[in-house]
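Written below as structure tokens is the structure these notes are about.
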Amino acid sequence: MRPEPGVLLTHRLEEGTQAVRVVQFDARNSAWFSEVTNIVIAAGVANEATMELKHGVTVRGQLDALVPRPVVNGRVIAHVGPIGYKAENSPPQWHAWTEVREDGSFEIGSLPSGDLEMVALCDGFVSTNGPGKFQMRYPQKHVLGTNDLTITIGMEPTVRLKVLVTDDQGKPLKDAQVSAWPSVRYGEWAAVVLAADCYNSAEWFSLKPLKKSEDWFKTPADFVGVSDSAGVAVLPNLPVTVKEFTVDHPQFTVPVTSHHGEVSAGE
294 MRPEPGVLLT
304 HRLEEGTQAV
314 RVVQFDARNS
324 AWFSEVTNIV
334 IAAGVANEAT
344 MELKHGVTVR
354 GQLDALVPRP
364 VVNGRVIAHV
374 GPIGYKAENS
384 PPQWHAWTEV
394 REDGSFEIGS
404 LPSGDLEMVA
414 LCDGFVSTNG
424 PGKFQMRYPQ
434 KHVLGTNDLT
444 ITIGMEPTVR
454 LKVLVTDDQG
464 KPLKDAQVSA
474 WPSVRYGEWA
484 AVVLAADCYN
494 SAEWFSLKPL
504 KKSEDWFKTP
514 ADFVGVSDSA
524 GVAVLPNLPV
534 TVKEFTVDHP
544 QFTVPVTSHH
554 GEVSAGE
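To convert, count from 1 in the sequence shown and add 293; that's our numbering.
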């Protein structure tokens, strides 16, 4: 709410310490951000804070030379958390994505400063794993300041998984859906399906109607395969770290809900 020019009034906030950021869009639809600030909220007490806004910055770059050109079905996701805040405490964060051009380049604008995490996927390649504590995929990490940033995203080959599905008589089973869900973990906290989180935080501030929740996530089609008449399902573009998958069929069930195995690049 804007009671007067240059002043914002929030709705009532929960008591306690709240991390707050101001976001504003200019006439060119570029985002301006304040730093994240802690405000102590108490019942019956009005809080005032002066917040300086800075123009969002742009991350641009390319997928590394390992990826042949033209790049096919490339997507890059950027996630920015405020420095010094833990993701599990739900501080204001920012999320954006873009498609990768055929020449391997990309550009994501209007990002706040903070801890930047980047993920990329295209046909045949996925971004190399960033640092993390657990046996799963992590974004590549950078520090985003007040200036634009140019990066090269390291990439590695994905693998092709072929699964033979049979019925209880050992005969090939057609139309079984085989699914994998390689996950990526942001901020050592939230994990989502790799490269499926293709949404922009800026859309929450748009005057246009919000998309349906299912439109915010675009699971790569290559993470799912359907068995043919020979009972073979192919998942052609998985990270080498994938170790499990599920099989579903409208007329059959399987004795376990997931299957484990090892795959290697090039297989």
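C-beta: ideal position from N, C-alpha, C; glycine also.
If you compare the alpha carbons of Val-333, Val-360, Leu-356, Val-300 with that of Gln-311, the shortest gap goes to Val-333. Going by C-alpha positions, Ser-472 is about 43 Å away from Thr-303.
Pairing Gly-349 with Leu-301 gives a Cβ-Cβ distance that is not under 7 Å. Residue environment: Ser-522 is assigned as exposed (fewer than 16 neighbouring CB atoms within 10 Å of its CB, all protein chains considered). Counting every other CB atom within 10 Å of its CB across the protein chains shown gives Gly-417 a total of 16 or more, marking it as buried. With contacts defined by Cβ atoms closer than 7 Å, Leu-531 and Leu-454 form a contacting pair.
Closest in alpha carbon position to Asp-441, among Arg-321, Gly-374, Ile-401, Trp-390, is Ile-401.
Going by C-alpha positions, Val-373 is about 25 Å away from Glu-395.
If only uninterrupted beta strand (DSSP E) runs of at least 3 residues are considered, those enclosed by the region 297–333 are 309–313, 316–318, 324–326.
Val-485 and Ser-494 do not touch by the CB rule: their CB atoms are close to 14 Å apart, not below 8 Å.
The beta-carbon separation of Val-364 and Val-393, rounded to 5 Å, stays under the 8 Å limit for a contact. In the structure shown, the three-state DSSP call for Asn-366 is coil. Remark: C-beta atoms of Asp-541 and Pro-529 do not approach each other more closely than 7 Å. Between Arg-478 and Met-448 the beta-carbon gap is near 19 Å, outside 8 Å, which marks them as no contact. By DSSP's assignment, Val-517 forms a beta bridge with Ser-472. The DSSP-derived three-state label of Phe-498 is helix. C-alpha of Gln-544 to C-alpha of Pro-375: approximately 49 Å in a straight line.
Residue Gln-317 holds the alpha-carbon nearest to the alpha-carbon of Pro-298 among Gln-317, Phe-427, Val-313, Arg-368. Nearest to Ser-499 by C-alpha distance, out of Lys-511, Leu-306, Ala-324, is Ala-324. Restricting attention to Lys-379, Lys-536, Ser-406, Glu-328, the CA atom closest to the CA of Val-452 is found in Lys-536. Here the alpha carbon of Phe-427 sits roughly 24 Å from the alpha carbon of Cys-491. Across the set Thr-421, Gln-355, Tyr-431, Ala-336, the C-alpha of Gln-355 shows the shortest separation from the C-alpha of Thr-443.
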